[in-house]
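*Asks:* Protein chains in written order, with this note's numbering: chain A, 69 to 835; chain B, 3 to 83. Note that beta-carbon positions come from the ideal geometry of N, C-alpha and C, so glycine has one too. The structure's right below; bear with me while I get my questions together.
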């Protein structure tokens, strides 16, 4: 293919460069390295007495990018999230995904990753490859992917986009990309969240998660320890797509970022599906010693980490890599982020057996080199050496303890919105607003039942009138009723006010989502999306948020098993609101005992478990009436722990008819959602909740509250189960209307069908 | 009235799964002399006014709505008045 052209190694004059030339080199080669990092490179090559090749320069830029090296976040992740594991954790924060014990034979594998920068440029392709990438993260641990989830964050629907991308365009592209990729690859999309906030205008966030299941003996590591192991590249071909994706993700997006066109990867689920089968079959037959997916940084990151993880070096020949286009330069091959590729480490004697499996699945593969003793990485292309570097130096990227400022939490006098005589219209407005309405316009585009293991779908209730589930339940092992509950989301409006308490509340919400389905929270994955870490305020937000995750998990004994950090989410001069997306997996021993999330019967009692913390901070209501706030109430983790014990006991004794957490939209929206699932009305009296104003009681999102429905004859037993937690009887189900009263004053009386009409159609104009 | 065609294709290097799979299936059917398949899409627009004006309008439409310039390229073809 390349015979008509002789390849020449290109070296870059770095050693004698002055400051200006170093900066211009970093720009010219799109390295995204700053002057100190360029100087460090210069020192290294002065030390070894030669100039770097273009491949070496590119490889270093990949390895030292924020995306690959976590240079701004590592110190804090270690400080707050280190040592957060339990005796059932198998692998936490080590390889590409977390591995946790499921039963005596099986482990579940879980991971969530952000794909924000690509999705902001090419929403359809960017979101699709976000899903593709996280599937490979789970697959490379040796697990079969069984469920997907996605948390999406968009700008305000009414934002005037001008020459930037509008919310509607981004939303359609992103939802379309997730739908088309997930549905074609045949994995159910079971859970997620959609939020709107002005800081995401033209800068959407896409966090994709994946859950997998494996026999414990089939788990593979992302490195090998045996010198001589062959390295095999399997799956899609390598092209020019996605070049510089990670260095692009390591800076802020500027308007008219045309050069980033090439940093968008394009997915091909039609290759991914057989690739999954081929890999699982080969792994089942014990042919794979270790494997790693090719994501950010392409071969460069994957090979480096694969060799170094086992304390070894590598010898690579790029000549045989199968390409999409002719005449690709070796540096392009080395850092291309083309999708659907996996790196396998296999024993030489197993090569023919492995190739016969990949051939049978019509998947291409090529041997690209082997793992060798020592810690040197050497790459050849058409018979010439193009890279020869010490792996320890390559991966010893800079580590920053960046300047940070923790915003002072000064309580300010807050002018509360005026109390109204009646809230009927406000409730209907909120029900139909993008923030409060049904997500079914999006969810129904995803196949959430393919594979047949979804026990509880993201929408639940009677056919055609479903409401939202708190968490989905999948039963990944056939023949067993044991299920995994999944929920993911974040509370950007809360985190924007107070990153520490906002993060705690998001964690509490995820935790309660699992409890409300009858599961026990088991493990946690975070996807941390923040602005520019060189801004001390953003760094402060990040540190506060990570500290919250650490405090929460230590208190409640939940391991953080995997995570990712995405910085530089900034466009149009604004950093995004701190967005720690929390993915929680829970275990339910018998999915048949799952608790519904909508009212089941007429005439049963409605109680509020947990103490409502007064305060409208971060609430849907304040956003709707366009008022700000400055202080966020504390989150009581002791109470949450007691709530967990009580909920599990109540679920086991079948005391609860239905449950739903109270967060976004407060008691009003929670009660409304519960009413919608079966068209069972409710009459709620807010008097006994607290002595706060009615408005606060209706719309406060703070505190660890859960709405429970219980049969009248079981109320006393429920009360004794919840003896350590505040339990307030607040109403009764029945009829076809949703009513709220406080101190004998009727505040709202809304017809269920009218509420449903608004709720169902809130996103109609957007997606 | 001028009939303008806006022909859209993927940029070189952008993988088109649909075309790739058609190519693969042609091989299975025995058409082994087909070396590559690519797909182009043409929008036909009937626009009133002069040829220059119509082309300008078509270009505008293409950039605003029809083409994703991150992964696609387009060319304007005028069929005749």
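Determine which residues share a DSSP beta bridge with residue 540/A and list them.
*Replies:* Residue 540/A pairs with 554/A.
*Asks:* Find the nearest neighbour of residue 456/A within the set 512/A, 484/A, 428/A and 384/A, judged by alpha-carbon distance.
*Replies:* Taking only the C-alpha atoms, the option nearest residue 456/A is 384/A.
*Asks:* Is the stretch 642 to 649 of chain A close to the stretch 496 to 510 of chain A, with three or more CB pairs under 8 Å?
*Replies:* No contact exists between the stretch 642 to 649 of chain A and the stretch 496 to 510 of chain A.
*Asks:* In the DSSP assignment, what residue or residues form a beta bridge with residue 218/A?
*Replies:* Answer by DSSP bridge pairing, in chain order: 260/A and 276/A.
*Asks:* Find the nearest neighbour of residue 870/A within the set 335/A, 713/A and 143/A, judged by alpha-carbon distance.
*Replies:* Nothing in the structure corresponds to residue 870/A, since chain A is present only between 69 and 835.
*Asks:* Below 8 Å on the Cβ atoms is my contact criterion, and I expect residue 596/A with residue 634/A to pass it. Report the Cβ-Cβ distance as a whole number of Å.
*Replies:* About 7 Å separates the two Cβ atoms, so the contact holds.
*Asks:* Got a sec, what are the start and stop residues for the alpha helix (DSSP H) residue 18/B sits in?
*Replies:* First-last for residue 18/B: undefined, no H or E at that position.
*Asks:* Taking a contact to mean a Cβ-Cβ separation below 9 Å, would you say residue 380/A touches residue 293/A in this structure?
*Replies:* Closer than 9 Å, so yes.
*Asks:* List the residues that DSSP assigns as beta-bridge partners of residue 74/B.
*Replies:* In the DSSP output, where bridge partners are listed per residue, residue 74/B has 12/B.
*Asks:* Residue 782/A lies in the alpha helix (DSSP H); which residues open and close that run?
*Replies:* Careful: residue 782/A lies outside any alpha helix (DSSP H) and carries neither H nor E.
*Asks:* Taking 9 Å as the threshold (beta carbon to beta carbon), is residue 31/B in contact with chain A?
*Replies:* So, not an interface residue.
*Asks:* Do residue 733/A and residue 498/A come within 9 Å of each other at the CB atom, strictly closer than that value?
*Replies:* Cβ distance < 9 Å, so residue 498/A and residue 733/A count as in contact.
*Asks:* Going by alpha carbons, who is nearest to residue 188/A out of 236/A, 148/A and 174/A?
*Replies:* Here the closest residue by C-alpha is 236/A.
*Asks:* According to DSSP, which residues form a beta bridge with residue 638/A?
*Replies:* The partner list for residue 638/A (beta bridge, DSSP) reads 643/A.
*Asks:* Using beta-carbon positions only, say whether residue 141/A and residue 614/A come within less than 9 Å of one another.
*Replies:* For residue 141/A and residue 614/A, yes; Cβs fall inside 9 Å.
*Asks:* Can you give me, in chain order, the residues of the stretch 183 to 196 of chain A that have a beta carbon less than 7 Å from any beta carbon in chain B?
*Replies:* From the stretch 183 to 196 of chain A, only 189, 190 and 193 have a Cβ closer than 7 Å to chain B.
*Asks:* State yes or no: is the C-beta of residue 221/A within less than 9 Å of the C-beta of residue 545/A?
*Replies:* No, they are not a contact pair.
*Asks:* Can you find the residues in the same chain that come closer than 8 Å, C-beta to C-beta, to residue 323/A, ignoring five residues on each side of it along the sequence?
*Replies:* Any reading at residue 323/A is ruled out, since the residue's pLDDT is 48, under 50, leaving its predicted position unreliable.
*Asks:* Would residue 282/A be called buried (16 or more neighbouring beta carbons within 10 Å of its own) or exposed?
*Replies:* Buried is the call here.
*Asks:* Using alpha carbons as the reference points, say which of 736/A, 348/A and 557/A lies closest to residue 573/A.
*Replies:* Comparing Cα positions, the closest option is 557/A.
*Asks:* Compute the Euclidean distance between the alpha carbons of residue 509/A and residue 834/A, then round it to the nearest angstrom.
*Replies:* Approximately 9 Å, taken between the alpha carbons.
*Asks:* Write down the C-beta distance between residue 288/A and residue 166/A rounded to the nearest angstrom, noting that I regard them as a contact closer than 8 Å.
*Replies:* 14 Å between Cβ atoms; not a contact.
*Asks:* Using only the alpha-carbon positions, how far apart do residue 636/A and residue 762/A sit?
*Replies:* So the alpha carbons of these two residues sit roughly 41 Å apart.
*Asks:* For the alpha helix (DSSP H) that residue 205/A lies in, which residues bound it at each end?
*Replies:* Element bounds for residue 205/A: 191 to 207.
*Asks:* Please report how far the alpha carbon of residue 705/A lies from the alpha carbon of residue 265/A, in whole angstroms.
*Replies:* About 27 Å.
*Asks:* Any contact between the stretch 585 to 594 of chain A and the stretch 170 to 185 of chain A? By contact I mean 3 or more CB pairs, one from each, below 8 Å.
*Replies:* Cβ pair count under 8 Å is three or more, so yes.
*Asks:* Give a yes or no on whether 9 Å exceeds the smallest Cβ distance from residue 338/A to chain B.
*Replies:* Cβ-Cβ to chain B under 9 Å: yes for residue 338/A.
*Asks:* Run through DSSP, which three-state label would residue 457/A get?
*Replies:* Residue 457/A: strand per DSSP, three-state reduction.
*Asks:* Is it a yes or a no for the stretch 608 to 622 of chain A touching the stretch 143 to 154 of chain A, going by three-plus beta-carbon pairs under 8 Å?
*Replies:* Yes, since at least three Cβ pairs between the stretch 608 to 622 of chain A and the stretch 143 to 154 of chain A fall closer than 8 Å, the two stretches touch.
*Asks:* Just to confirm the assignment, what range does the alpha helix (DSSP H) spanning residue 251/A have?
*Replies:* Where residue 251/A is concerned, the enclosing alpha helix (DSSP H) stretches over 235 to 253.
*Asks:* Mapping DSSP to helix, strand and coil, what is residue 592/A?
*Replies:* Residue 592/A: strand per DSSP, three-state reduction.
*Asks:* At a CB-CB cut-off below 8 Å, which residues of chain B make contact with residue 334/A?
*Replies:* Neighbours of residue 334/A on chain B, chain order: 16, 17 and 73.
*Asks:* Buried or exposed: where does residue 76/B fall if 16 or more other Cβ atoms within 10 Å of its Cβ makes it buried?
*Replies:* Classification for residue 76/B: buried.
*Asks:* Using a Cβ-Cβ cut-off of less than 8 Å, give me the residues of the stretch 144 to 172 of chain A that come near chain B, in sequence order.
*Replies:* From the stretch 144 to 172 of chain A, no residue has a Cβ closer than 8 Å to chain B.
*Asks:* Quick check on residue 836/A: buried or exposed, where buried means 16 or more other Cβ atoms within 10 Å of its Cβ?
*Replies:* The shown model of chain A, from 69 to 835, leaves out residue 836/A, and the question about it has no answer.
*Asks:* Which residues in the same chain have their Cβ closer than 6 Å to the Cβ of residue 363/A, if we skip the five residues on either side of it in sequence?
*Replies:* Hits under 6 Å: 201.
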